[in-house]
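Each remark here refers to the structure printed beneath this line.
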Amino acid sequence: MTRSITPFMALVESEFSRMVGSRKFKALFAVTLLPSIIYLLSPSPQGKGVDAMLEGVESLLANLIPNYWLGIIGQFIAIIPMSDLIAGEIDRGTIRLLLAKPIRISEIVAGKFLAGLAALMILYGTPIAIILAYAPLPYHAGLDGLEKVAEPLLYAIAATMLVLVLLGSLTILVSSIIPRPLYAALAAFGLVFLAQYLIPQIPYIENPEDYTLTHLALVLLKPGFTSIELGMVAGDPLREAAASLLIALALLVGSWIILSQRDYPV
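One point on numbering: in my numbering, the residue at position 166 of the sequence shown is 164, and numbering is uninterrupted.
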């Protein structure tokens, strides 16, 4: 019995396969995997047991996620593959082939975004999962430790992916305006960089650090990282998550509007 597949799902699957199979993705994956490799080679446990393990890995991830995987390096890594999803099609002229298929522009935007997000989940989720899966060994936490890391793993990946949803949707919007992947990537990164490092310099804005992706990541990690003190990080996780999703949705709608107004001559 053959499996029936819609044009939308075909787009998502083909785009995802293309992204994860590219040499660029493999190179980016090596960069995101580096902290996990360092941890495997030198875990440096402070104490033994489940409690020591949770405190150690949560402290490590509370540093790595906002400062490395979602820091300047990580932000650029996420923007690079996402910038090619729309701008690459326009630049190569293959957008006309997509439009010739029984698929709407809104489905193209949504399908490309979901495929890119799934690829980013592998890119960022795998290193986090490796650290948490390996952590019970150096701390001698056993199976109990493996069970206990399930919740921090869930929150770590969820917080990371939610920030990547924001980055990805912004990049999709920029690449809908600038039809060259490299220029779109640089423009998107420039916007993200300026927003995070210029806003904190404005003297009359209260708590300017609240406008950074680093702060957003820490707020989202608070409910799941209970073995370390994140209470000093101001912000409501549910409200921040809802606001991030609404902003991402607005950016994707903007991309759909922009692409709907463009002409793609043969």
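Heads up, the beta-carbon is just placed ideally off N, CA and C, and yes, glycines get one too. Remember, predicted model here, so these are calculated numbers, not experimental data.
#1: By the three-class DSSP mapping on this structure, what secondary structure does residue 261 have?
#2: Quick check on residue 22: buried or exposed, where buried means 16 or more other Cβ atoms within 10 Å of its Cβ?
#3: In the DSSP assignment, the alpha helix (DSSP H) including residue 61 goes from what residue to what residue?
#4: By a C-beta neighbour count over all protein chains shown, 10 Å radius and 16 as the cutoff for buried, is residue -1 buried or exposed?
#5: Just to confirm the assignment, what range does the alpha helix (DSSP H) spanning residue 213 have?
#6: CA-CA distance, residue 261 and residue 97?
#7: Check this for me: beta carbons of residue 114 and residue 80, under 7 Å apart or not?
#8: In this structure, does DSSP put residue 102 in helix, strand or coil?
#9: I'd like the list of long-range same chain contacts for residue 127, defined as Cβ closer than 8 Å, with 5 residues on each side in sequence excluded.
#10: Out of curiosity, what's the CA-to-CA distance linking residue 202 and residue 93?
#11: Does DSSP put residue 158 in a helix, a strand or coil?
#12: Run through DSSP, which three-state label would residue 135 get?
#13: Evaluate contact between the segment 168 to 181 and the segment 81 to 88, counting only Cβ atoms and requiring at least three cross-stretch pairs below 8 Å.
#14: Excluding five sequence neighbours on each side, which residues of the same chain lie with their C-beta closer than 6 Å to the C-beta of residue 163?
#15: Using alpha carbons as the reference points, say which of 167, 149, 36 and 56 lies closest to residue 225.
Put simply:
#1: As a first step, residue 261 must be located in the sequence shown, where it is residue number 263. Taken through DSSP and simplified to helix, strand or coil, residue 261 comes out as coil.
#2: Looking up residue 22 in the sequence shown gives position 24. It is exposed - the Cβ of residue 22 has fewer than 16 other Cβ atoms within 10 Å.
#3: In the sequence shown, the residue the question calls residue 61 occupies position 63. Per DSSP, residue 61 belongs to the alpha helix (DSSP H) from 48 to 62.
#4: As a first step, residue -1 is located in the sequence shown; it is residue number 1 there, counting from the start. Its pLDDT being 41, under 50, residue -1 is placed unreliably in this model, and the coordinates cannot settle the point.
#5: Taking the sequence shown and counting its residues from 1, one reaches residue 213 at position 215. Its alpha helix (DSSP H) spans residues 211 to 219.
#6: Along the sequence shown, one-based indexing puts residue 261 at 263. Along the sequence shown, one-based indexing puts residue 97 at 99. Straight-line Cα distance between these residues: approximately 11 Å.
#7: By one-based count along the sequence shown, residue 114 stands at place 116. By one-based count along the sequence shown, residue 80 stands at place 82. A distance below 7 Å separates the beta carbons of residue 114 and residue 80.
#8: The residue you call residue 102 lines up with position 104 of the sequence shown. Residue 102: coil per DSSP, three-state reduction.
#9: Stepping through the sequence shown from its first residue, residue 127 is reached at position 129. The beta carbon of residue 127 is closer than 8 Å to those of 151 and 155 in its chain, skipping five residues each way along the sequence.
#10: The residue labelled residue 202 in the question sits at position 204 within the sequence shown. The residue labelled residue 93 in the question sits at position 95 within the sequence shown. If you take the alpha carbons of residue 202 and residue 93, they lie about 45 Å apart.
#11: By 1-based counting over the sequence shown, the position of residue 158 is 160. Residue state, collapsed to three classes: helix.
#12: Looking up residue 135 in the sequence shown gives position 137. Note: residue 135 maps to coil in three-state DSSP.
#13: Proximity of the segment 168 to 181 to the segment 81 to 88 meets the contact definition, three or more beta-carbon pairs being nearer than 8 Å.
#14: Stepping through the sequence shown from its first residue, residue 163 is reached at position 165. So the qualifying residues of the chain are 246.
#15: The residue you call residue 225 lines up with position 227 of the sequence shown. Taking only the C-alpha atoms, the option nearest residue 225 is 56.
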